[in-house]
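Here numbering that gives the first Met the number 0 is used: the first residue of the sequence shown is 0, the next is one more, and so on. Cβ atoms here follow ideal geometry from the backbone N, Cα and C, with glycine treated the same way.
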Amino acid sequence: MNYRHAFHAGNFADVLKHAVLARILDYLGRKDAGYRVIDSHAGIGLYDLAADEALRTGEWHGGVGRIRSARLSPALREWLAPWFAALRAVNGGDDLLLYPGSPAIATALGRLQDRYHFNELHPQDAATLAALYTGDRRVRVGSEDGYVTVRAQLPPRERRGVVVIDPPFEEPGEFDRLTRAVQDAHKRFATGCLMIWYPIKDVAAVDAFLKAAAAVGYPRLVAIEQWVREVGGDGPLSGAGVLVANPPFTLADETEAILPELNRLLAEDEGAGGRVLRLAQDG
Ligand SMILES: C[S@@+](CC[C@H](N)C(=O)[O-])C[C@H]1O[C@@H](n2cnc3c(N)ncnc32)[C@H](O)[C@@H]1O
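Here you go:
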């Protein structure tokens, strides 16, 4: 286990992932009933952008840094509003010193009645994450294989919520494990929202995964993808996507409307692009 998210926190891929997650949470929070967030590969929760890891790569400058310093259209500003609210909440204002990972976004946007199960396999990172939530009775932190968590924690007692699966793609076979996780989540919590992050390196592998996920049977399934330079070849990550089962009803249309602008802001060269794929639509 070599992957440490601290080197990448706030990069272009985090922007799309975390902005979509924040929109899902905003949507869930519109009903008073509590919901549960199950985050199987949670990381450490909160990232210091002045820490050695962030300074060494500087990746956040090409992601959250660019977004925060750009002039945004009203439509993009509104689309990003829940994520911006989480950024402000962890920084106590408009400074950008700390970058919230998926757990901190969830708890920043959550309410007293919501519950959180965060899981992180790396023992040191799990301890850091647990320390962040000392005293917060809404939060449980586990440290096991994240795919075990998906099976063990579903369905949540609340019968509402989101499952986030954001693996590091360090070992071969991650798309196969993700496909099984989509099947597991559908079997145990078919009405719940599921969000999976994936890198776009091998386009054929991504297409095969999306096809397999579409065959599982979710009534609504959307993939949102963005690449900041032409995909292919070695070198730094060029593109990434999120697959969302049972998304908020308006997510695909709203995202399609702002994606060109988001992509222009994050582009590294003219090979940049993005797309919204409606893999299943119930009418
Ligand atoms: C991409 S990072 C997660 C980032 C986090 N979801 C966020 O958005 O802030 C992936 C994390 O998965 C952890 N990890 C690696 N293998 C795992 C496994 N089998 N089960 C659970 N976590 C694992 C890594 O230590 C790393 O912290």
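Exercise for review: Classify A239 as helix, strand or coil using the three-state DSSP reduction.
Suggested key: When secondary structure is reduced to three states using DSSP, A239 falls in the strand class.
Check your understanding: When DSSP labels each residue in this structure, what does Y217 get in the three-state scheme?
Key -> coil
Practice item. Please state whether DSSP places P99 in a helix, a strand or coil. Key: strand
Point to revise | Straight-line Cα distance separating L15 from R76 | key: Distance between the alpha carbons of R76 and L15 is about 14 Å.
Exercise for review: Pull up the CB-CB distance for A279 and P218, whole angstroms please, since I reckon it's below 8 Å.
Suggested key: 6 Å
Review point. Under three-state DSSP, which class holds E77?
Key: helix
Check your understanding: Are there three or more Cβ pairs, one per stretch, closer than 8 Å when the segment 230-249 is compared with the segment 185-203?
Key -> yes
**Study point:** H17 - DSSP class collapsed to helix/strand/coil
**Key:** If DSSP states are grouped into helix, strand and coil, H17 belongs with the helices.
Check your understanding: What did DSSP end up calling I257 once you bin it into helix, strand or coil?
Key -> helix
**Study point:** Residue range of the unbroken beta strand (DSSP E) whose run includes V163
**Key:** Residues 160-164.
Review point. How would you write the range of the alpha helix (DSSP H) that D175 sits in, first residue to last?
Key: That run of the alpha helix (DSSP H) goes 173-187.
Point to revise | Entirely enclosed beta strand (DSSP E) segments - the segment 104-153, minimum 3 residues | key: 114-118, 138-141
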